[in-house]
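Comments concern the structure below.
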Amino acid sequence: MGLRKSTSRILGSVAFTLIIGLAVACDSGDETQTRASPSPTPTEAPTSTPASTVTPRLSPTATPAPEATRSAEPTSAPAPTLRPEPTATPTPTIEAGVTSGHASEIAGVWQGVNVLPGLGELALTVSISVSDGELNGTIDIPAQNAFGMVLTEVTFEGGGLRFVLDSPLGPAVWEGQVLEDVVEGNFTQAAFQGTFRLHRASDDGVASSGRAVEPPTHSREEVSFQSGNVQLAGDLTIPDAEGPYPAVVLISGSGGQDRDSNIFGFKTFEVLAGHLAEMGVAVLRFDDRGTGGSAGNWLEATLQDRANDVKAAMGLLLDRSDIREDAIGLIGHSEGGLVALIASNQMDDVSYVGLLASPAIPGDDLLRAQQKEILQTSGASQGYAERAGELQEITLRAVRTGQGWDEVEAATRESARAQLEGLPEEVRKGFGDIESYLDGVVLQQMASIRSPWFKSFVEYDPRPDIHALDIPVLALFGDLDTQVPVASNSTQMSEAIDKSSAPSHTLAVVFQANHIFQEAVTGAIEEYWELEPAFHPQFLEFLFDWLAIQTGSP
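Those letters in the sequence shown? Residues 0 to 553, by numbering that gives the first Met the number 0.
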């Protein structure tokens, strides 16, 4: 198939943002900005928030937020409208670590808000699951670019729900009562006290295209496989038809993503696997290292390590008699597209490769472009932008040379301190001992930017691997993607593919689509959870048409 392009309005910012982990307030006319200070960590960044709606950051020590999905950043968005403060309900005393026989009743995705008196609302998405009779959970906080953070305690007893998130500021604790599909109760963290209200997210199993994404159209088999000395776990979705089947391996973006790539209740990979199974394609998706059922640590895994994991997943498929070994492809989202490129060129058994919102420029250039976009769309002052740029450059230099880390650590600490000092005094008091808080912020940030994963990302240029492709290629971008800029990435992708030996390629831009290919209005990360958890119909059309050609499916 030849080149297929959609012209579109070009805008966006990259999927790998630079944050320090602290939401800050600014008074009108003050140069201090209401945003996280830029620091090179590929993950989502917060949007501006007026002083009246600032809330403390709830991020775990040494656990950077993954991409949203993983892999990152925002456009400016209207300030949230304050709602009446919900009435706190008394919370029962709940013994930590105890779950009841009704644990399955609380499992699912819950969305809502935290409310702190005088500070405003903070949107939350909490995902709860049951494993071996125990409750597990993660929390997404979009305004603080925090996704997939693991809850250390989840208990449900006598109608009372309790969950805890560890952070540099101290444990953030939610305790409330469950009444039908609503949870309402109290929130505490350090000196902060407030309320929260969550409602169960819709889960009807039908996407906007009208296609069912759950059985009876397919079945799902849990699988495990070995990558070096790391055991990985995942799901293989099997079409409800006679095999053998063509197959794809889905590869997630940056950060520790589970097999579903769950972003604000939108289980992107689970839904995509259902769609593909309907057209007769088997799908293997797996938990990243250190996530879900997989061992290891994603921060310690380089892009090459991730490619090795994908090659091991390919090996599992090649060993199965119900899979067509001549029709196995890789489909990667965001950073997962980079991993797909590396793996494709290191295996003879990959038949085709799909790159969804995947970067086509070097990692450090991507981070620079991202930061520029973030600051422009959020209305940062020139002075602030210059200081942010300086911090970014000394960090990128340290990553490449291995020198100057003391300077980076000091600059990171002072940047976080400056933001704290911009907060109203009554809010600042809630952080307790400032130096201890800064210790936690710096620890978290340095753990990410000094990791093997981040160094491999910064130094990777995808263009040589695109040039080396000799299999059919699909590259899709969303025109409202605020995480991987369409302007630079789609152009570089097109030029690189033209220099390759790919026998065919399709490159398209999906109108009104964000980074995860939802039908969007602004493309801002904070909008994700408000949108229908479904893919843009045009995205599915492009993907289905291309896969049908590669696999011979009807």
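All C-beta atoms, glycine included, are put in the ideal place defined by N, C-alpha and C.
Review point. From the DSSP output, which residues share a beta bridge with serine 128?
Key: Here residue 128 is taken as the residue at index 129 of the sequence shown, counted from 1. The partner list for serine 128 (beta bridge, DSSP) reads Asn135.
Exercise for review: May I ask you to verify whether the stretch 232–242 touches the stretch 150–157, counting CB pairs closer than 8 angstroms and requiring at least 3?
Suggested key: no
Review point. Is asparagine 135 near leucine 123, with beta carbons less than 8 angstroms apart?
Key: Counting from 1 along the sequence shown, the entry for residue 135 is found at position 136. Counting from 1 along the sequence shown, the entry for residue 123 is found at position 124. In this structure, leucine 123 does not lie closer than 8 angstroms to asparagine 135 by Cβ.
Check your understanding: Helix or strand or just coil, what does DSSP make of arginine 416?
Key -> Translated into positions along the sequence shown, residue 416 becomes position 417. Helix.
Review point. DSSP beta-bridge partners for glutamine 549?
Key: Taking the sequence shown and counting its residues from 1, one reaches residue 549 at position 550. Answer is none; glutamine 549 lacks a bridge partner.
Check your understanding: Are the stretch 263–277 and the stretch 334–348 touching, with three or more C-beta to C-beta distances below 8 angstroms?
Key -> Touching, no, given that fewer than three Cβ pairs across the two stretches are closer than 8 angstroms.
Practice item. Indicate the three-state DSSP secondary structure (helix, strand or coil) for aspartate 325 in the structure shown. Key: Counted from its first residue, the sequence shown places residue 325 at position 326. Three-state result, aspartate 325: strand.
**Study point:** proline 463 burial status per 10 Å Cβ neighbour count (16 or more: buried)
**Key:** On the sequence shown, position 464 is the one that residue 463 refers to. When all chains shown are included, proline 463 counts as exposed.
Exercise for review: Compare the C-alpha of serine 130 against each of Leu530, Ala200, Ala281, Gly292 and name the closest.
Suggested key: Locating residue 130 in the sequence shown gives position 131, counting from the first residue. It is Gly292.
Point to revise | First through last residue of the beta strand (DSSP E) which encompasses glutamate 152 | key: The residue you call residue 152 lines up with position 153 of the sequence shown. Start and end: 152–156.
Practice item. With a cut-off of 8 angstroms on the beta carbons, I'd call serine 251 and histidine 198 a contact; round off their distance for me. Key: As a working mapping, residue 251 is identified with position 252 in the sequence shown. As a working mapping, residue 198 is identified with position 199 in the sequence shown. About 27 angstroms; that fails the 8 angstroms criterion.
Check your understanding: Quick one: Cα of alanine 415 to Cα of leucine 366, how far?
Key -> For this step, residue 415 is matched to residue 416 along the sequence shown. For this step, residue 366 is matched to residue 367 along the sequence shown. One C-alpha to the other measures close to 20 angstroms.
Review point. Would you say valine 298 and leucine 337 are within 8 angstroms of each other, going by their C-beta atoms?
Key: Position 299 of the sequence shown, counting from 1, holds the residue named residue 298. Position 338 of the sequence shown, counting from 1, holds the residue named residue 337. Checking the displayed sequence, the identity of residue 298 turns out to be leucine instead of valine. No; because the gap between Cβ atoms is not below 8 angstroms, this pair is not in contact.
Exercise for review: Please name the residue or residues paired with glutamine 188 in a DSSP beta bridge.
Suggested key: What you label residue 188 is simply residue 189 of the sequence shown in a count that begins at 1. Paired residues: Phe191.
**Study point:** Selection from Gln176, Ile448, Val309 that minimises the alpha carbon distance to arginine 284
**Key:** Here residue 284 is taken as the residue at index 285 of the sequence shown, counted from 1. For arginine 284, the nearest C-alpha among the options comes from Val309.
Check your understanding: Taking arginine 258 as the reference, which of Gly401, Ala281, Thr290, Asp325 has the closest Cα?
Key -> The sequence position of residue 258 within the sequence shown is 259, counting from 1. Ranking Gly401, Ala281, Thr290, Asp325 by Cα distance to arginine 258 puts Thr290 first.
Review point. Are the stretch 414–432 and the stretch 317–332 touching, with three or more C-beta to C-beta distances below 8 angstroms?
Key: Here the stretch 414–432 makes no contact with the stretch 317–332; the two share fewer than three CB pairs at distances below 8 angstroms.
Exercise for review: Determine the burial state of glutamate 518: buried for a count of at least 16 other Cβ atoms within 10 Å of its Cβ, exposed for fewer.
Suggested key: As a working note, residue 518 is residue 519 in the sequence shown. The residue in question, glutamate 518, is buried, as its Cβ has 16 or more Cβ neighbours within 10 Å.
**Study point:** Alpha-carbon to alpha-carbon, alanine 467 and serine 450
**Key:** As a position in the sequence shown, residue 450 is number 451, starting the count at 1. As a position in the sequence shown, residue 467 is number 468, starting the count at 1. Their Cα atoms are separated by approximately 28 angstroms.
Practice item. Please list, in chain order, all residues of the same chain as asparagine 296 whose beta carbon is under 7 angstroms from its beta carbon, the five residues on each side excluded. Key: As a first step, residue 296 must be located in the sequence shown, where it is residue number 297. Result list for asparagine 296: Arg288, Gly289, in chain order.
Review point. With which residues is glutamine 110 paired in a DSSP beta bridge?
Key: On the sequence shown, residue 110 is found 111 positions in, with the first residue counted as 1. DSSP, once it has assigned bridges, lists Thr124, His198 as partnering glutamine 110.
**Study point:** For serine 493, the nearest candidate out of Gly255, Val483, Thr505 (CA to CA)
**Key:** The sequence position of residue 493 within the sequence shown is 494, counting from 1. Nearest option by C-alpha distance: Thr505.
Exercise for review: Could you say which of Ile140, Glu183, Ser500 lies nearest to tyrosine 351 if we only look at CA atoms?
Suggested key: Your numbering for residue 351 matches position 352 in the sequence shown. Comparing Cα positions, the closest option is Ser500.
Exercise for review: Could you spell out where the beta strand (DSSP E) holding valine 508 opens and where it closes?
Suggested key: Position 509 of the sequence shown, counted from the first residue, corresponds to residue 508. In this chain, the beta strand (DSSP E) harbouring valine 508 covers 504–509.
Review point. Run through DSSP, which three-state label would lysine 586 get?
Key: Residue 586 is absent from the structure shown; the chain starts at 0 and stops at 553.
Practice item. Let me know the beta strand (DSSP E) ranges lying completely inside the stretch 417–498, each 3 residues or longer, listed in chain order. Key: 472–477
Check your understanding: Taking 8 angstroms as the CB-CB cut-off, is alanine 312 touching chain B?
Key -> Structure shown: chain B not included; a single protein chain is present.
Practice item. Return the CA-CA distance between arginine 161 and glutamate 392, expressed in angstroms with no decimal places. Key: Mapped onto the sequence shown, residue 161 falls at position 162. Mapped onto the sequence shown, residue 392 falls at position 393. Distance between the alpha carbons of arginine 161 and glutamate 392 is about 42 angstroms.
Exercise for review: Reducing DSSP to helix, strand and coil, say where leucine 530 ends up.
Suggested key: On the sequence shown, residue 530 is found 531 positions in, with the first residue counted as 1. Leucine 530: coil per DSSP, three-state reduction.
Review point. Should glycine 551 go down as buried or exposed, given a rule of 16 or more other Cβ atoms within 10 Å for buried?
Key: Locating residue 551 in the sequence shown gives position 552, where the first residue counts as 1. By the 10 Å Cβ count, glycine 551 comes out exposed.
**Study point:** Closest Cα partner of valine 407 within the set Asn261, Gln444, Ser435
**Key:** One-based indexing of the sequence shown puts residue 407 at position 408. For valine 407, the nearest C-alpha among the options comes from Gln444.
Exercise for review: Please confirm whether valine 509 and leucine 475 have their CB atoms less than 8 angstroms apart.
Suggested key: Taking the first residue of the sequence shown as position 1, residue 509 is located at position 510. Taking the first residue of the sequence shown as position 1, residue 475 is located at position 476. Yes. Within cutoff.
Review point. Taking contact to mean at least 3 C-beta pairs separated by less than 8 angstroms, is the stretch 472–490 in contact with the stretch 380–391?
Key: no
Review point. Considering only C-alpha positions, which residue in the set Gly477, Thr490, Ile496 is nearest to phenylalanine 541?
Key: To locate residue 541, count along the sequence shown from 1; it is residue 542. Phenylalanine 541 has its Cα closest to that of Gly477, out of Gly477, Thr490, Ile496.
**Study point:** Residues bridged to arginine 161 (per DSSP)
**Key:** Counting from one through the sequence shown, the residue named residue 161 turns up at place 162. Answer is Thr154, Glu174, bridged to arginine 161.
Review point. So what does DSSP say about arginine 396, is it helix, strand or coil?
Key: Numbered from 1 along the sequence shown, position 397 holds the residue referred to as residue 396. It is helical.
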